[in-house]
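In what follows, a single structure is set out as structure tokens and then discussed.
In the working numbering, the protein residues as written are 9 to 471.
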């Protein structure tokens with residue numbers, strides 16, 4: 009695994025790299041602009057001298073007059089250091105020469121306004137121009153005027169300028185790196201504060217939240233996301249704590265019963281019948297424990313999205329009526345009338361759905377008083393939804409209890425449990441099965457009636 013670097017180091021290095029590249033490009037641009045500026049100055053100077061030569065030679069109508077013009081040119085060029093001038097015929101005869109430049113042959117044949125740069129045999133750099141200068145001499149109607157300037161002083165200046173420029177750029181790059189480090193440190197200060205606040209959050213202080221108002225907008229979304237995560241963790245932690253307590257309570261009673269009965273039966277010799285009675289009682293407690301453990305494993309799979317329902321067509325009316333027949337003896341014992349209305353098909357796992365409906369009916373029977381009534385209604389409210397509503401008469405459930413009816417081990421009133429029936433896992437299992445099938449379940453209670461409503465996806469019509 010590669011070495012990890014601090015975010016401050018990464019951002020500083022990135023900022024310094026970008027700044028250095030920009031400064032380098034800026035230095036190159038300034039150098040090019042300075043060089044171009046000197047080139048334009050040289051062009052203007054050379055063009056001016058060529059115009060002077062053209063005007064002077066344009067008035068010449070004889071060779072004696074040409075000699076007089078060359079003398080005037082010699083005087084006009086006094087004081088122009090590094091300037092070289094030649095005037096020659098088209099046959100190459102030199103008429104006038106001034107300066108030390110060694111003109112290349114390519115310069116005389118160059119186009120007008122073409123600026124040519126070269127280095128002579130001594131290594132000195134020159135830049136020059138050449139034009140045709142019309143005259144009134146009949147034998148030589150056109151002369152070639154060539155002007156050049158020594159670039160030694162220019163190059164010396166450019167070398168000094170570039171050295172100073174690169175020193176300035178290097179200094180600016182180091183200052184930019186230092187200032188970038190300071191800016192990044194200050195910019196990441198809120199992130200460090202967030203880290204310190206997050207380090208203070210423990211299992212016993214999950215109610216703490218990160219401050220959103222005092223941090224930059226870019227980090228506010230991160231803080232809000234972390235606060236949302238903390239809220240979910242707090243809720244999950246509380247649920248886990250409650251679940252652990254409830255589970256310990258639920259398992260403690262049967263284990264205590266088993267232990268007590270076993271110790272009592274072993275305290276002295278007993279008859280075979282007494283041993284059989286205790287073993288039968290222990291078997292009931294063990295069966296209850298087994299059901300609780302199985303239900304808990306089922307809910308654990310549901311919470312981890314490991315429930316994968318089979319896809320088959322299920323006749324809800326047939327399933328409900330079959331379960332009502334199964335509970336017929338209990339219904340007759342409590343003198344409860346049970347009816348089923350409606351008809352619909354859904355797609356899902358028949359065994360899971362039968363378990364969910366059975367849990368709902370068992371819950372309704374448990375909490376319906378003598379001479380009460382249970383009604384199951386199957387309908388199509390519209391769209392691709394099927395509604396299965398289980399209604400039972402009995403005591404109205406207070407509104408504050410309704411949202412928690414589907415929590416594990418939650419009981420509205422322990423006095424409602426008769427003979428230890430149920431461990432408070434039936435409704436959570438119903439909810440997990442319905443949600444695994446892509447449906448929803450809700451409950452309402454008012455006026456001595458409690459309604460459980462299951463919405464499930466409607467089955468596609470058979471081909």
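The beta carbon of each residue, even a glycine, is placed where N, CA and C say it ideally should be.
Fair warning: this is a prediction, and the values are worked out from it, not measured in the lab.
{"Query": "Pairing CB atoms from the segment 367-385 with CB atoms from the segment 394-402, are three or more of them under 8 Å?", "Result": "yes"}
{"Query": "Can you tell me whether residue 427 is buried or exposed? The criterion is at least 16 other CB atoms within 10 Å of its CB, across all chains shown.", "Result": "At residue 427, the pLDDT of 41 sits below 50, so the modelled position is not reliable and the matter cannot be decided from this model."}
{"Query": "Give the secondary structure of residue 111 by DSSP, where H, G and I count as helix, E and B as strand, and everything else as coil.", "Result": "coil"}
{"Query": "Between which residues of its own chain and residue 46 is the CB-CB distance below 6 Å, once the five residues before and five after are set aside?", "Result": "162"}
{"Query": "Under the rule that 16 or more other beta-carbon atoms within 10 Å means buried, what is residue 202, buried or exposed?", "Result": "buried"}
{"Query": "Look up residue 184 in the DSSP assignment and say whether it is helix, strand or coil.", "Result": "helix"}
{"Query": "Could you compute how far the alpha carbon of residue 194 sits from the alpha carbon of residue 172?", "Result": "33 Å"}
{"Query": "If you count every other CB in all the chains shown that lies within 10 Å of the CB of residue 79, and 16 or more means buried, which is it?", "Result": "exposed"}
{"Query": "Measuring straight from C-alpha to C-alpha, what distance separates residue 341 and residue 378?", "Result": "9 Å"}
{"Query": "Check each candidate in 296, 186, 357 and name the one with the smallest Cα separation from residue 17.", "Result": "186"}
{"Query": "Count the other CB atoms, across all protein chains shown, that sit within 10 Å of the CB of residue 444; report buried if there are 16 or more and exposed otherwise.", "Result": "buried"}
{"Query": "According to DSSP, which residues form a beta bridge with residue 270?", "Result": "DSSP lists no partner for residue 270."}
{"Query": "If we require 3 or more residues per run, which beta strand (DSSP E) segments fall completely within the segment 329-393?", "Result": "345-349, 353-356, 381-390"}
{"Query": "Which class does residue 175 belong to by DSSP, given the choice of helix, strand or coil?", "Result": "helix"}
{"Query": "DSSP beta-bridge partners for residue 262?", "Result": "Paired residue(s): none; residue 262 is not in a bridge."}
{"Query": "Determine the extent of the beta strand (DSSP E) in which residue 321 is found, giving its start and end residues.", "Result": "320-323"}
{"Query": "At which residues does the alpha helix (DSSP H) containing residue 440 begin and terminate?", "Result": "434-444"}
{"Query": "Using CA atoms only, rank isn't needed, just tell me which of 109, 83, 243 is closest to residue 93.", "Result": "109"}
{"Query": "If the criterion is Cβ atoms closer than 8 Å, does the pair residue 130 and residue 156 meet it?", "Result": "no"}
{"Query": "Helix, strand or coil for residue 142, going by three-state DSSP, please let me know.", "Result": "strand"}
{"Query": "Output needed for residue 112: all residues of its chain with C-beta closer than 7 Å, excluding positions within five of it in sequence on either side, in chain order.", "Result": "126"}
{"Query": "Let me make sure I understand the geometry here. Which of 257, 150, 286, 216 has the alpha-carbon closest to that of residue 242?", "Result": "216"}
{"Query": "Residues in its own chain within less than 7 Å of residue 265 by CB, not counting five upstream and five downstream?", "Result": "293"}
{"Query": "Would residue 372 be called buried (16 or more neighbouring beta carbons within 10 Å of its own) or exposed?", "Result": "buried"}
{"Query": "Is the segment 451-469 in contact with the segment 354-364, if contact means three or more CB pairs nearer than 8 Å?", "Result": "yes"}
{"Query": "List the DSSP bridge partners of residue 463.", "Result": "395, 448"}
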